[in-house]
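Each number in this note's numbering comes from the position in the sequence shown (counting from 1) with 23 added on.
For each residue, glycine too, the CB sits at the ideal point set by N, CA and C.
Heads up: the structure comes next, in structure tokens.
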Amino acid sequence: MSASMHPSRRNLLVAGGASLAARALGQGPTSAPRAKRVIWLQMAGGPPQLDMFDIKPTLNRLHGTLCPQEFVEGKRLAFIKGRPTLLGSPWRSYQVPSTGWTVSEHLPHFASIAEHTTLVRSMHTDQFNHAPADLMMFTGNAQPGAASMGAWASRELGSLNPNLPNYCVLISGGSDPTGGKSTWGAGFLPSQHQGVRLRSTGEPILYVQDPAGLSRPGRRAGLDALYRLNRMTWKQSADPNVRSRMEQYELAWRMQSSVPQVADLESEPAHVLKDYGVTPGRASFGSNCLLARRLVESGVRWVQLFDWGWDLHGTSTGDDLVDSFPKKCLAVDRPIAALVRDLHRRGLLEDTLVVWGGEFGRTPMNEARSGSTRLGRDHHGGCFSMWFAGAGVRKGEVLGATDELGYSIVHDPVSVRDLQATLLWSLGIDPYSTSVRHLGLNRRLIGPTDEGRIMHHWFG
């Protein structure tokens with residue numbers, strides 16, 4: 024294809040009312056943004072806040088005693104039956120020098136970044152099973168089919184680099200999140216806004232490279248022929264799905280050269296690889312963190328990391344607080360700290376919002392499913408912890424509080440809707456007016472009512 028063909032394409036689409044370039048630019052922020060980019064570190068399965076960031080001395084002292092009756096009476100729990108015993112943390116904790124926070128001994132590297140973060144101990148959700156909680160967290164709806172936060176950001180803000188996806192997804196821990204691809208889907212938005220799954224080893228994006236034996240000119244000629252057919256269909260029908268397909272094919276072509284460059288972790292200096300704990304060619308959460316930094320540095324708007332393995336029920340050595348919890352912390356603590364320090368050192372933390380959390384928290388009671396003697400906690404949506412760094416977030420502060428046993432919120436509750444409204448606002452997107460007409464309804468990330476509050480006090 025000659026370069027002279029490109030202007031005719033653009034002119035045709037402009038004449039039709041929306042050029043590919045204009046679509047790539049998005050709507051733009053509606054207010055002054057705090058953040059240009061988001062990196063979300065999701066500990067999939069529900070990390071145990073009572074063993075990590077919300078340590079409870081009273082709970083530890085009462086370990087093994089029956090829990091208060093009101094903890095279970097009339098309550099829906101995933102697996103706990105009867106009246107269980109309280110479960111103090113089996114691990115020691117330490118005080119972070121820079122902030123005075125008490126955190127798990129298995130998070131030693133967190134101390135180096137605590138001064139950059141705000142810790143919120145009063146998150147809550149009305150979902151207590153993984154898939155609905157995943158979907159509620161990321162799409163604002165506990166049922167599949169809604170658009171994810173990253174897709175909304177892509178639609179509203181457009182691209183910072185037309186040669187890369189606006190929204191990338193990286194997965195570790197051996198399993199996808201229980202909510203599946205819907206957690207990063209476009210839902211009712213045009214499909215080019217869905218998350219693109221990348222890998223930190225091997226071929227970065229599956230099925231994008233040319234098949235063996237097909238030359239680059241041959242592939243380009245085939246795409247041009249397909250473009251002309253899609254263009255004819257779009258002119259006849261004005262179907263937005265056809266236009267999305269045209270954009271996706273063109274992005275896939277550009278990604279064949281741009282993505283391998285960004286995903287080349289071996290090009291990083293040895294000291295950076297060591298800081299993240301990364302061995303090139305070996306997939307890990309650490310390699311995903313390093314790739315996340317390279318992606319936002321290259322212009323990707325939203326990078327979503329999922330690390331499975333935090334569903335610590337205590338039914339086996341693979342999901343208990345004694346064997347599994349230290350291993351999970353070991354896998355994530357160092358690279359997360361390296362990521363925040365790296366972003367700060369490069370000046371990217373000023374306008375990149377880093378989010379850490381899970382879909383819900385864990386109970387202060389021991390699950391003891393089917394008489395298991397291992398230690399584990401059931402799902403708990405009543406309270407959990409998240410932390411945030413960068414993009415003007417207040418530094419070194421704890422917001423919100425739970426009771427002495429870690430069962431209920433006693434100060435400054437923050438709902439999933441509040442979180443969603445705040446994240447959109449931080450990107451310069453009005454969470455209340457931003458909507459899409461779908462099946463006769465005005466669909467918004469924060470739902471049909473204005474229950475989502477912007478947490479202005481999280482920011483300095």
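Tell me, which residues are paired with E420 by DSSP? One-based indexing of the sequence shown puts residue 420 at position 397. Bridge partners of E420: T141.
Contact set for V6: own chain, Cβ-Cβ below 8 Å, skip 5 residues either direction: In the structure as shown, the chain begins at 24 and stops at 483. Residue 6 is therefore absent and cannot be evaluated.
Where does P52 fall in DSSP's three states? For the purposes of this step, residue 52 is identified with residue 29 of the sequence shown, where counting begins at 1. It is coil, neither helix nor strand.
Could you check whether V143 and M409 sit closer than 8 Å to each other, using their CB atoms as the reference points? Translated into positions along the sequence shown, residue 409 becomes position 386. Translated into positions along the sequence shown, residue 143 becomes position 120. Yes. Within cutoff.
So which of R417, R392 and H461 has the shortest CA-CA distance to K104? Residue mapping note: residue 104 aligns to position 81 of the sequence shown, counting from 1. For K104, the nearest C-alpha among the options comes from R392.
Whose C-beta lies closer than 6 Å to the C-beta of N465 among residues of the same chain, with five residues either side of it excluded? In the sequence shown, counting from the first residue as 1, residue 465 sits at position 442. Here the set comprises S458.
Taking just the CA atoms, how far does G168 sit from G210? Locating residue 210 in the sequence shown gives position 187, counting from the first residue. Locating residue 168 in the sequence shown gives position 145, counting from the first residue. Those two C-alpha atoms are separated by around 5 Å.
What number of angstroms, rounded off, separates the C-alpha of A248 from the C-alpha of F161? For the purposes of this step, residue 248 is identified with residue 225 of the sequence shown, where counting begins at 1. For the purposes of this step, residue 161 is identified with residue 138 of the sequence shown, where counting begins at 1. So the two alpha carbons sit approximately 37 Å from each other.
Unbroken alpha helix (DSSP H) run spanning V95, endpoints: The count along the sequence shown starts at 1 and reaches residue 95 at position 72. Unbroken run through V95: none, as it is neither H nor E.
Start-to-end residues for the beta strand (DSSP E) that takes in Y455: Locating residue 455 in the sequence shown gives position 432, where the first residue counts as 1. No beta strand (DSSP E) contains Y455, which DSSP labels as neither H nor E.
Helix, strand or coil at P387 [DSSP, three-state]: As a first step, residue 387 must be located in the sequence shown, where it is residue number 364. Residue state, collapsed to three classes: strand.
State the Cα-Cα distance for the pair L353 and L372, rounded to the nearest angstrom. For the purposes of this step, residue 353 is taken as the residue at position 330 of the sequence shown. For the purposes of this step, residue 372 is taken as the residue at position 349 of the sequence shown. Answer to the nearest angstrom: the Cα atoms are 24 Å apart.
Tell me, please, whether the region 441-455 touches the region 80-96 by the rule of three or more beta-carbon pairs shorter than 8 Å. no
Helix, strand or coil for H147 per DSSP? By 1-based counting over the sequence shown, the position of residue 147 is 124. In this structure, H147 counts as strand in the three-state DSSP scheme.
How about S145 and D435: do their beta carbons lie closer than 8 Å? In the sequence shown, counting from the first residue as 1, residue 145 sits at position 122. In the sequence shown, counting from the first residue as 1, residue 435 sits at position 412. Yes, the Cβ-Cβ distance between S145 and D435 is below 8 Å.
Taking C-beta to C-beta, are Y299 and A361 nearer than 8 Å? Against the sequence shown, residue 299 aligns to sequence position 276. Against the sequence shown, residue 361 aligns to sequence position 338. Cβ distance < 8 Å, so Y299 and A361 count as in contact.
Strictly by DSSP, which residues pair up with W448? Within the sequence shown, residue 448 is the residue found at index 425, counting from 1. BP columns for W448 are empty, so no partner.
Continuous beta strand (DSSP E) assignments of at least 3 residues falling wholly in the region 111-198: 116-118, 125-127, 140-147 and 190-195
Ignore the nearest five residues each way along the sequence and tell me which others in Q266's own chain have a CB closer than 6 Å to its CB. Counting from 1 along the sequence shown, the entry for residue 266 is found at position 243. Note that residue 266 is Arg in the sequence shown, not Gln. Hits under 6 Å: W257.
Is M255 helix, strand or coil when you go by DSSP? For this step, residue 255 is matched to residue 232 along the sequence shown. Residue state, collapsed to three classes: helix.
Can you give the Cα-Cα distance for A47 and W175, rounded to whole angstroms? Within the sequence shown, the letter at position 24 stands for residue 47. Within the sequence shown, the letter at position 152 stands for residue 175. Legend: pLDDT at A47 = 46, less than 50; position of this residue unreliable, value from coordinates given subsequently. Their Cα atoms are separated by approximately 13 Å.
Consult DSSP for S307 and reduce its assignment to one of helix, strand or coil. Indexing the sequence shown from 1 puts residue 307 at position 284. Three-state DSSP puts S307 in coil, outside helix and strand.
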